[in-house]
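Encoded as structure tokens, the structure appears first; notes follow it.
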Amino acid sequence: MNRSKFRAAIGQAAIVVACLTAAPGAPLAQQPATKPAPAGEIEPKAIDALKTMGAYLRTLKTFTVRSDTTIDELLDTGQKVQFGGTVEYRVRAPNRLRADVNSDRKQRQYFYDGKTMTVYGPRNKYYASVPASGTIGELVQAAEQKHGLDLPLSDLFLWGTDKAGLDDIKSAAYIGPARIGGIDCDHYAYRQQDVDWQLWIQRGKTPLPCKMVITTTQEASQPQYVALLKWDLAPKLDDAVFKFTPPKDAKRIAFAPAAPGQK
Amino acid sequence: MRKPLLRKLVTPVALLAGAAGLNLVLPDVAHAGRQINNTTRTSVNRNVNVNQNVNVNRHVDVDVDVDRNWHPVATAAVATAAVATTAAVTSAVVGSMVHSIPPSCVPVVINGITYQQCGTTWYQPQYVGSSVQYVVIAPPR
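One line per chain: the protein sequences are G and L, in this order. Going by our numbering, the first residue of the first sequence is number 40, and it counts up by one from there. Going by our numbering, the first residue of the second sequence is number 698, and it counts up by one from there.
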């Protein structure tokens with residue numbers, strides 16, 4: 040590239056920058072829907088999509104959702120490595136939950152039958168049970184607060200409730216259409232403290248989440264969790280699915296006392 | 698420098714054991730696998746209080762829960778002198794916590810709760826979140 044062409048390129052770049060920086064002043068409504076909002080802005084359409092999806096999720100009485108997942112973890116060296124896994128939720132609203140969470144390194148089953156919550160490791164044979172009550176949304180929050188149990192994709196049970204955390208969202212944008220597993224979806228991107236996340240929502244009468252990507256921005260290397268979701272809205276789930284009956288060789292242990300972080 | 702993985706709580710029982718020159722069971726260093734720092738979020742909404750403790754007890758072995766004979770990354774040059782020293786010093790101290798125990802341990806059920814006896818050292822397995830960790834305890838019987 041000779042010097043005059045280089046100058047011309049710089050000039051064009053400056054014009055582009057000027058146009059981009061002018062954009063945030065323009066009223067949102069005049070922007071085409073396919074153009075993402077500048078960082079820090081909230082497109083009402085992207086929030087409405089969350090509300091519509093959440094309301095729909097809460098109308099589901101019985102469902103199974105199976106998810107193929109990948110998660111980045113950090114080695115002590117700082118290197119990111121990726122593990123694959125699956126998450127299967129079997130749900131009967133308002134208070135029956137069964138989760139099978141498997142990864143390359145860990146297998147866990149969670150049971151909630153409306154009275155007791157149990158975590159069980161099919162490979163290590165250890166289980167811990169505690170009394171529990173309330174809706175599934177209340178259960179996943181209590182499990183996290185009391186026992187540090189992070190159920191993956193627990194947002195599925197919080198969207199459409201007053202715990203959906205919509206007020207925490209600092210940026211929301213519609214990215215565009217996408218086709219996931221043969222299903223037409225819409226792609227949205229959100230930002231809030233510590234996480235950037237993306238959500239793909241099925242088009243049409245069943246606005247179910249098709250895919251979710253969570254980027255942990257709190258970490259310098261920004262590790263990601265990716266989940267592709269497949270839904271069954273008419274599964275046959277009998278009571279035995281949700282009730283933990285210890286296998287003969289299962290060993291009962293306890294949860295660690297609460298608040299292990301107090302030093 | 699990241700935080701030490703093992704918390705050391707020196708108790709009178711441990712001091713007595715040390716003073717008496719009792720044989721303390723050393724951990725199986727071959728099991729000291731690579732550590733991962735699993736802070737990657739798998740949900741968007743999270744309790745604020747939990748967030749503050751996000752780095753606590755979230756270090757786990759890559760090969761936690763993996764069948765004992767399968768250590769893809771654990772064995773080679775991983776068991777460094779530093780790891781071995783830390784583990785040896787703290788493994789049998791009552792109140793200290795480890796991610797794995799020697800293969801020679803025997804499960805013992807007392808009052809419906811399972812303990813692991815490894816020679817003279819006793820561990821109480823417990824769920825910390827979804828991970829099993831082992832706390833060194835005074836012999837329960």
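Even glycine gets a Cβ: it sits at the ideal position worked out from N, Cα and C.
Interface flag, residue i vs chain G, CB-CB below 8 Å
{"i": "ILE810 of chain L", "result": "yes"}
{"i": "VAL825 of chain L", "result": "yes"}
{"i": "VAL829 of chain L", "result": "yes"}
{"i": "PRO837 of chain L", "result": "no"}
{"i": "THR818 of chain L", "result": "no"}
{"i": "VAL790 of chain L", "result": "no"}
{"i": "SER793 of chain L", "result": "no"}
{"i": "SER740 of chain L", "result": "yes"}
Chain G contact residues for residue i, given Cβ-Cβ distances below 7 Å
{"i": "PRO822 of chain L", "result": "TYR165 and ILE292"}
Residue i classed as buried or exposed, judged by whether at least 16 other C-beta atoms fall within 10 angstroms
{"i": "GLY160 of chain G", "result": "buried"}
{"i": "LEU272 of chain G", "result": "exposed"}
{"i": "ARG129 of chain G", "result": "buried"}
{"i": "THR245 of chain G", "result": "exposed"}
{"i": "ARG162 of chain G", "result": "exposed"}
{"i": "SER106 of chain G", "result": "buried"}
{"i": "PRO837 of chain L", "result": "exposed"}
{"i": "ASN808 of chain L", "result": "exposed"}
{"i": "GLN232 of chain G", "result": "exposed"}
{"i": "THR818 of chain L", "result": "buried"}
{"i": "VAL791 of chain L", "result": "buried"}
{"i": "THR91 of chain G", "result": "exposed"}
{"i": "ALA228 of chain G", "result": "buried"}
{"i": "SER827 of chain L", "result": "buried"}
{"i": "ARG218 of chain G", "result": "exposed"}
{"i": "ALA835 of chain L", "result": "exposed"}
{"i": "ALA203 of chain G", "result": "buried"}
{"i": "VAL158 of chain G", "result": "buried"}
{"i": "LYS209 of chain G", "result": "exposed"}
CB contact check: residue i to chain L, cutoff 8 Å
{"i": "LEU67 of chain G", "result": "Legend: pLDDT at LEU67 of chain G = 47, less than 50; position of this residue unreliable, value from coordinates given subsequently. Judged by the 8 Å Cβ criterion, LEU67 of chain G is not in contact with chain L."}
{"i": "TYR264 of chain G", "result": "yes"}
Amino acids of chain G, ordered along the chain, whose beta-carbon sits closer than 9 Å to that of residue i
{"i": "SER801 of chain L", "result": "Within chain G, no residue comes near SER801 of chain L; the closest Cβ sits about 17 Å away, beyond 9 Å."}
Residue i CB to nearest heavy atom of the ligand ZN below 7 Å
{"i": "VAL803 of chain L", "result": "Summarising the ligand content, the structure contains no ligands, and the ligand ZN is consequently not present."}
Supposed contact pair residue j and residue i - C-beta distance, whole angstroms, cut 8 Å
{"i": "ALA94 of chain G", "j": "ILE240 of chain G", "result": "About 12 Å separates the two Cβ atoms, so there is no contact after all."}
{"i": "PHE294 of chain G", "j": "ALA167 of chain G", "result": "5 Å"}
{"i": "MET794 of chain L", "j": "TYR831 of chain L", "result": "7 Å"}
{"i": "ALA211 of chain G", "j": "GLU82 of chain G", "result": "6 Å"}
{"i": "TYR308 of chain G", "j": "LYS290 of chain G", "result": "The structure shown does not extend to residue 308 of chain G, since chain G spans only 40 to 302, so no value can be given for it."}
Partners in chain L for residue i, counting only beta-carbon separations shorter than 8 Å
{"i": "ILE86 of chain G", "result": "Residues of chain L passing the Cβ test: none, with the nearest at roughly 14 Å."}
{"i": "ASP111 of chain G", "result": "THR737"}
Partner residues on chain L for residue i, Cβ-Cβ distance less than 7 Å
{"i": "VAL234 of chain G", "result": "ARG738 and VAL741"}
Check: Going along the segment 248-261 of chain G in order, which residues come within less than 9 Å of chain L, judged by CB to CB distance?
Finding: MET251, ILE253, THR254, THR255, GLN257 and GLU258
Margin query: Under 8 Å, CB to CB, which of the residues in the segment 173-207 of chain G have a partner in chain L?
Written below: GLN180, GLU183, GLN184, HIS186, GLY187, LEU188, ASP189, LEU190, PRO191, LEU192, SER193, ASP194, LEU197, LYS202, ALA203, GLY204 and ASP207
Next item on the list: Compile a chain-ordered list of the residues in the segment 141-169 of chain G whose CB is closer than 8 Å to at least one CB of chain L.
Entry: ARG144, LYS145, GLN146, ARG147, VAL158, GLY160, ARG162, ASN163, TYR165 and ALA167
Next item on the list: Identify each residue in the segment 267-296 of chain G for which the Cβ-Cβ distance to at least one residue of chain L is less than 8 Å, and report them in chain order.
Entry: LYS290, ARG291, ILE292, ALA293, PHE294 and ALA295
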